[in-house]
Structure formats: structure tokens, C-alpha cells
Amino acid sequence: MTFRASVVTLFPEMFPGPLGVSLAGRALAEAVWSLETVALRDFGVGRHRAVDDTPAGGGAGMVLRADVLAGAIDAVSPPGDMRPRLLMSPRGRVLDQALVRELAAGPGAVVVCGRFEGVDERVIEARRLQEVSIGDYVLSGGEPAAIVLLDAVVRLLPGVMGNLASGEEESFAADLLEYPQYTRPQVFEGRSIPTVLISGDHGRIARWRRGQAEKLTAGRRPELLGATPKKAPPEG
Ligand code: SAM
Numbered sequence: 032m033t034f035r036a037s038v039v040t041l042f043p044e045m046f047p048g049p050l051g052v053s054l055a056g057r058a059l060a061e062a063v064w065s066l067e068t069v070a071l072r073d074f075g076v077g078r079h080r081a082v083d084d085t086p087a088g089g090g091a092g093m094v095l096r097a098d099v100l101a102g103a104i105d106a107v108s109p110p111g112d113m114r115p116r117l118l119m120s121p122r123g124r125v126l127d128q129a130l131v132r133e134l135a136a137g138p139g140a141v142v143v144c145g146r147f148e149g150v151d152e153r154v155i156e157a158r159r160l161q162e163v164s165i166g167d168y169v170l171s172g173g174e175p176a177a178i179v180l181l182d183a184v185v186r187l188l189p190g191v192m193g194n195l196a197s198g199e200e201e202s203f204a205a206d207l208l209e210y211p212q213y214t215r216p217q218v219f220e221g222r223s224i225p226t227v228l229i230s231g232d233h234g235r236i237a238r239w240r241r242g243q244a245e246k247l248t249a250g251r252r253p254e255l256l257g258a259t260p261k262k263a264p265p266e267g
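Per the working numbering, the very first residue in the sequence shown carries number 32; after that it's consecutive.
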């Protein structure tokens, strides 16, 4: 089954962009997944095909209109479409590998890209958009976020990664960051590859990698191991 991605955007020329090369690009050419863009401008109103307007209540910037967005979403995702409808948004659930896996196991996704100050809240409710963030920072538009999300999802689709094991061992696969990787030359600027890796003892290598992954995770991302930051005891 082809994973079907539909992206609603004011800038369709930004797609496929990076998704058209390497793993994702090859998979796109081989129809492992499909990508269509919906140009928001085509659904704009009036002579100038306006897609935005000033915020109700005043304030800086412009807001994408609910009616324009709804028209664009409905054009690719009529009632009964089983795909999740996502809105890229800094307010959303932060994208992680669990959500990426969940999306990759489904039929596809409708991905709405915001611009300006964001989108009219009513379209989020009326079209049941799930807000997804790619991190705690603000982009100028949802398109780079949509590309990040789709890149992460597409590489998990069956047949996309040549060596399946690479997906099973990499960062987050077991709530661990990946162990350090090495390749030729054996000595680089006086630094040698750890001898265990050239021992040929697969059991030892696996144990060493696991130990390294645990150490790295404990040092850099202890929360992945279930560690919670220490709280100060209640006063009094
Ligand atoms: N005024 C909004 C706020 O403070 O939350 C920011 C709007 S931002 C300039 C324009 C659009 O970029 C958003 O509607 C969203 O689609 C996208 N965007 C910005 N940062 C994002 C992030 N961290 N993750 C996902 N999308 C983001």
C-alpha cells in the first residue's frame, strides 16, 4: 500500500525539495509513497486570492483564514479519509520516533503548513487538525517542519531502508541514543578505532555497543532512561 502524503501549503514549489533526493526521492520514484501539494492560493478569496487577514482583536501580522484552509483541506481530504490531518505548529505535540512510527504504519497524512502568525483556531477544531511541533523554536513557516516529518516517516516505510537492521539499532529504537560509529582509516590523526570493533567477536561487539549507548544516553538524555530531574523536597 502506497503511503499517501498531501501537503497544504502557500509555497508548493518547496516540495519535494529534499524529499526528492536520496532515500526518500528513490522511494518516491518507486511509488513506495506519493506526494501531492495543494496550493493554498488556489483557494484564496477575491480578485487577489487572499489567504490571510488581520488578527481579530488586533495585533501584529496576519492569520491564515479558516475558510480558505478548510477549502484546501477538503479538496484532498474529504470526509471518510482515514489519514490523520496534521497541522505543523510550535504549539503541538513534539515529534518523536514513536509518532513517526505510528504515522509510518498508517495510510498516509495530510500535512497543513502554517504561515504568518498562524491559522484561525476554528479550522483546527472543525477539521480536527492534530498539531505537531518539530521542537521548541519558531520557524517562519510549516514547510520545513513538514519536510522533517515526512523524511522521518518515509525512511521507515517498508523497503525504503536497504539494510533493515540500521533502523532497528539506531537512536531511539530502544529509547537509547546510538553508540559511536567508526570506519576506515583505522587510525585517524593518531586516534584508533576501539580494538573491540576489530576483534571479530560479535558478542563482545554487541555488549560494547550497548554499554556505549547506555553511557551516552545517561550523559546526554537521561530522561530517555526514565530518569526524572531531582525535585527539591517540599519545605516545612
Ligand atoms: N505565532 C505563532 C506562535 O507564536 O506560535 C508562530 C507562527 S510561525 C511564524 C508560522 C508557522 O510556522 C506556524 O503556523 C507553523 O505552521 C510553522 N512553525 C513554526 N515553528 C514551528 C515548529 N517548531 N514546529 C512546527 N511548525 C512550526
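Glycine residues also receive a C-beta, built at the ideal position from the N, C-alpha and C atoms. Just so it is clear, the structure is predicted and the values come from calculations on it, not from any experiment.
Of the candidates R78, V142 and S223, V142 places its Cα closest to the Cα of D105.
For Q217, the secondary structure class from DSSP, reduced to helix, strand or coil, is coil.
In the DSSP secondary-structure assignment, Q161 is bridged to L117. Here M119 is buried: its Cβ has 16 or more other Cβ atoms, across all protein chains shown, within 10 Å. Cβ contact annotation for R252 (same chain, cutoff 7 angstroms, sequence separation greater than five): L208, in chain order.
Secondary structure at T33: coil, using DSSP grouped into helix, strand and coil. Minimum Cα-Cα distance from G172 among the listed residues E148, I155 and R186 corresponds to E148. Distance from the CA atom of P225 to the CA atom of A249, rounded to whole angstroms, is 21 angstroms. L180 carries a helical assignment under DSSP once its states are collapsed to helix, strand and coil.
With fewer than 16 neighbouring CB atoms inside 10 Å of its own CB, Y213 falls in the exposed class.
Boundaries of the alpha helix (DSSP H) harbouring A103: A97 to V107, taken from the DSSP string. Going by beta carbons, D206 and L255 fall inside the 8 angstroms limit. Relative to the non-hydrogen atoms of the ligand SAM, the Cβ of F46 never comes closer than 7 angstroms to any of them.
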